[in-house]
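Numbering-wise, the sequence shown is residues 2 to 533 according to the working numbering.
To start, the structure under review is shown below, and the notes come after it.
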Amino acid sequence: MKGRYDFSHCTHILSDSTASIEQKLQCLDTYKEKGSIHHIGFLFPLLKSKSLKVPFLSVQPSEFQVKVANVIKHILQRQKITAGSYEFLRYLYILPADINKYKCGFPTESYHALLMLASMNCDGYVREAAVRELVLTKQPEAIPYILLRLGDWVGQVRNAANSAIQSFKEEQFAYHLLHNMSLIEWLLKVEKVKYSAIHTELIQFLLSQEYTFEWHKKIQRIPDHARVIYINHLLQSGKLTPEIAHRILTDKSHLVRLALLKNIHLLEESLHKDLLKAFLYDTSSEVRSTALERIGTFKNELRPDIWSLIADTSATVQQFARYELKNADVSFPQIYRQQIHRQHQLTGSLLGLSETGTKEDIGVCELYLQHESSSVQLASLIAISKLDAQIARKYALQFLSHPSGKLRKRSIEILAGYVNNDILTYARELFLSGNEIYRKTILLLFSKEGGWRVLGDLLTGLMDKDIIVQKQTWVYLDKWVRKASTLYAVADPVDLERARGIYQSFNTSKLEVTSQREQIWERLHFYLWRQI
């Protein structure tokens, strides 16, 4: 049954020579489903497990050994390999002669996975032999391992990797090289040898691919970071056409669109205005604000578009827009009031009024605290908090039980540091009567407030019937004890006795305690009774 055992239990079973083969196979399923690269160091020696009384490949591999190799293969397929992975894999006990045994004894795909492990070994002979075999597999999964060996400190391994990577400079592997753009770029950071020539060769090979609609779709499937690197090289190459630029303009990652915007000077000037106009309406506030920064000589032509951004939902975009229009003979507060009256761009207008208006505008903002849209309610609360924090705290208390998570979070930020007895009483009542979501909200408020007054309330979270609330409570208690010695003054006797009483009421045998939680519990005891 999958997932029946956790990793600690599996470690015990797989190390126990008396455990049944069925139990061991079930544990391997757990690693196959949830294991990561750092588990391979435990799994790999099982290929040579003496507890199974099967010498490694002295006969055909057992069912168990084949399953171990298969699990390792799945982990490598699921996990992204990086230069840092070497530290997890370098000390696996592999001899050069083992590589041929892998080839003869295991299924092809598992053999390829074991070769990839061998290429990360601490023994240079093993790494070299693995690279020479990897290139023969012609499998795209081998590419990142070969790229990593281009930065090897042993010359023979580097030469083998250099020869190997050349065989992948074929159209059928272009997408897979593209997928590994981050590692190709990493070659420039290798200090042992200068790899700018190989880096340039690989980049030029990728740039030589015709930028068809199919190629564009492939680019969309690679990780965002790799896509940004590729687009930057494409921009620098001078091969960017208007058609390609408009395709990039619709990229799902704002980082890619931002790369195009920041390199807009590399494009024909005739394209600048239309692209800037499009960027002003981008879904990313970072892109919109950057477009305003770079609007330059097109400010007058795009003035109507800039006006539409003075009520943007982003405060940064609003500030840039008002700056660009600073010479206009207008009253921004009055514009915001008029737009609010017409219920036009309500969210942005309320935020804009909070930046440019006065306390006299609080009444306008209060009108929209009960608006049907939670985003408008949030904007109203934020606006009031900027105009008068004390009034905002009154409303924030009411929003602690609002269905919108953003409103609850902002309410906590407004209340944190200003929790008086009335607020504390209301919060405690809501904690006892509310559902799981509200209880988590109140616990977050207690944690943000900190200090001795709320320690008893945080401890109460451990009594919650919901396991998620309990786990979150342990996180907050850990945070509390870390701050206790430097931030919290001597406790009020009433708060101290309340916290002690709740602490002593626990039956610790019923708490789900880890070693870290035991330390938290002991430190709480220290702080609660150190003053006696």
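We treat Cβ as the ideally placed atom computed from N, Cα and C, and that holds for glycine.
- prompt: Apart from the five residues on each side of it in sequence, which residues of its chain come closer than 6 Å, Cβ to Cβ, to H75?
  reply: Counting from 1 along the sequence shown, the entry for residue 75 is found at position 74. Once the five neighbours on either side are set aside, the close Cβ partners of H75 are K33.
- request: With P305 as the anchor, note down where its alpha helix (DSSP H) starts and where it stops.
  value: Counted from its first residue, the sequence shown places residue 305 at position 304. Residues R304 to S309.
query: Run through DSSP, which three-state label would L478 get?
result: Your numbering for residue 478 matches position 477 in the sequence shown. L478: helix per DSSP, three-state reduction.
query: Would a C-beta distance cut-off of 7 Å place I415 and A393 closer than the cut-off?
result: The residue labelled residue 415 in the question sits at position 414 within the sequence shown. The residue labelled residue 393 in the question sits at position 392 within the sequence shown. Result yes, Cβ atoms of I415 and A393 sit closer than 7 Å.
- request: Within its chain, find whatever has a CB closer than 7 Å to the CB of L44; leave out the 5 residues flanking it on each side and keep chain order.
  value: Within the sequence shown, residue 44 is the residue found at index 43, counting from 1. These residues qualify, in order along the chain: Y32, V69, V72 and I73.
message: Taking the beta carbon of L189 as the centre, do at least 16 other beta carbons fall within 10 Å, making it buried, or is it exposed?
response: Locating residue 189 in the sequence shown gives position 188, counting from the first residue. Under this definition L189 is an exposed residue.
task: Note down, in chain order, each residue of its chain lying with its Cβ closer than 6 Å to the Cβ of K219, except the 5 sequence neighbours on either side.
output: Here residue 219 refers to the residue found at position 218 of the sequence shown. Hits under 6 Å: Y176.
message: Does the contact criterion of 3 or more C-beta pairs under 8 Å hold for the region 201-216 versus the region 249-258?
response: no
message: If distances are taken between C-alpha atoms only, which option among N508, A500, S510 and L268 comes closest to L529?
response: Here the question's residue 529 lines up with position 528 in the sequence shown. For L529, the nearest C-alpha among the options comes from A500.
Nonlocal neighbours in the same chain, by C-beta distance under 7 Å from C123, ignoring five residues either side: The sequence position of residue 123 within the sequence shown is 122, counting from 1. Excluding positions up to five away in sequence, the list reads R91 and Y92.
message: Tell me the rounded alpha-carbon separation between L525 and L445.
response: If you number the sequence shown from 1, residue 525 lands on position 524. If you number the sequence shown from 1, residue 445 lands on position 444. Looking at the two C-alpha atoms, the distance is approximately 19 Å.
field: Start-end ranges of the alpha helix (DSSP H) lying completely within the region 55-98, minimum 4 residues
entry: 64-79 and 87-90
- prompt: When you compare only the Cα positions, how much space is there between F169 and Y103?
  reply: Residue numbering aside, residue 169 sits at position 168 when the sequence shown is read from its first letter. Residue numbering aside, residue 103 sits at position 102 when the sequence shown is read from its first letter. Their Cα atoms are separated by approximately 24 Å.
- request: Pair every Cβ in the region 358-370 with every Cβ in the region 381-391, then say whether three or more of these pairs are closer than 8 Å.
  value: yes
message: Can you look up W453 in the DSSP assignment and give me helix, strand or coil?
response: To locate residue 453, count along the sequence shown from 1; it is residue 452. It is helical.
field: Spatial neighbours of G457 in its chain, beta-carbon cut-off 6 Å, leaving aside the 5 residues before and after
entry: Here residue 457 refers to the residue found at position 456 when the sequence shown is read from its first residue. Same-chain partners within the cutoff: R499, A500 and I503.
task: Below 8 Å on the Cβ atoms is my guess for A143 versus L151; work out the distance and round it to an integer in Å.
output: Along the sequence shown, one-based indexing puts residue 143 at 142. Along the sequence shown, one-based indexing puts residue 151 at 150. With a Cβ gap of about 13 Å, A143 and L151 do not count as contacting.
query: Under 7 Å between the Cβ atoms of Y396 and G452?
result: One-based indexing of the sequence shown puts residue 396 at position 395. One-based indexing of the sequence shown puts residue 452 at position 451. Not closer than 7 Å, so no.
query: Considering only residues of the region 422-453, which uninterrupted beta strand (DSSP E) runs meet the minimum length of 3 residues and lie entirely inside it, listed in chain order?
result: none
task: Return the CA-CA distance between R411 and V67, expressed in angstroms with no decimal places.
output: In the sequence shown, counting from the first residue as 1, residue 411 sits at position 410. In the sequence shown, counting from the first residue as 1, residue 67 sits at position 66. If you take the alpha carbons of R411 and V67, they lie about 54 Å apart.
task: For the alpha helix (DSSP H) containing R394, list its first residue and its last residue.
output: As a first step, residue 394 must be located in the sequence shown, where it is residue number 393. A390 to Q399 is the span of the alpha helix (DSSP H), which, as asked, contains R394.
query: Can you tell me where the alpha helix (DSSP H) with L262 in it begins and where it stops?
result: By one-based count along the sequence shown, residue 262 stands at place 261. Looking at the DSSP string, the run of the alpha helix (DSSP H) that includes L262 is H255 to K263.
- prompt: What's the call for S290, buried or exposed, on a 16-neighbour Cβ count within 10 Å?
  reply: To locate residue 290, count along the sequence shown from 1; it is residue 289. Label assigned to S290: buried.
message: If distances are taken between C-alpha atoms only, which option among K407, D362, V377 and S374 comes closest to D389?
response: Residue mapping note: residue 389 aligns to position 388 of the sequence shown, counting from 1. Comparing Cα-Cα distances from D389 to each of K407, D362, V377 and S374, the minimum goes to D362.
message: Whole angstroms are fine: how far does the CA of A322 sit from the CA of T201?
response: Locating residue 201 in the sequence shown gives position 200, counting from the first residue. Locating residue 322 in the sequence shown gives position 321, counting from the first residue. For T201 and A322, the distance between alpha carbons rounds to 41 Å.
CA-to-CA distance, V132 to P62, given in whole angstroms: As a first step, residue 62 must be located in the sequence shown, where it is residue number 61. As a first step, residue 132 must be located in the sequence shown, where it is residue number 131. For P62 and V132, the distance between alpha carbons rounds to 24 Å.
- request: With distances taken Cα to Cα, identify the nearest neighbour of L203 among E294, S183 and E356.
  value: Walking along the sequence shown from the start, residue 203 turns up at place 202. Looking at the Cα atoms, S183 is the closest of the given residues.
query: Over what stretch of residues does the alpha helix (DSSP H) that includes E202 continue unbroken?
result: Along the sequence shown, read from residue 1 onward, the residue named residue 202 stands at position 201. Counting along the chain, the alpha helix (DSSP H) containing E202 begins and ends at S197 to L208.
query: What's the call for I296, buried or exposed, on a 16-neighbour Cβ count within 10 Å?
result: The residue labelled residue 296 in the question sits at position 295 within the sequence shown. Burial call: buried.
task: Apply the 10 Å Cβ neighbour rule to S59 and answer buried if 16 or more other Cβ atoms are within range, or exposed otherwise.
output: Working through the sequence shown from its first residue, we reach residue 59 at position 58. Any reading at S59 needs caution, since the residue's pLDDT is 48, under 50, leaving its predicted position unreliable; the model's value is listed next. So S59 counts as exposed.
query: How big is the Cα-Cα spacing for Q335 and I341?
result: For the purposes of this step, residue 335 is identified with residue 334 of the sequence shown, where counting begins at 1. For the purposes of this step, residue 341 is identified with residue 340 of the sequence shown, where counting begins at 1. Between Q335 and I341, the C-alpha separation is close to 10 Å.
query: H180 by DSSP, collapsed to three states: which one?
result: One-based indexing of the sequence shown puts residue 180 at position 179. Helix at H180.
Distance, L47 Cα to A20 Cα: In the sequence shown, the residue the question calls residue 20 occupies position 19. In the sequence shown, the residue the question calls residue 47 occupies position 46. When rounded, the distance between both Cα atoms is 14 Å.
message: For R518 and E356, what's the separation of their Cα atoms in angstroms?
response: Mapped onto the sequence shown, residue 518 falls at position 517. Mapped onto the sequence shown, residue 356 falls at position 355. Taking the straight line from one Cα to the other gives about 45 Å.
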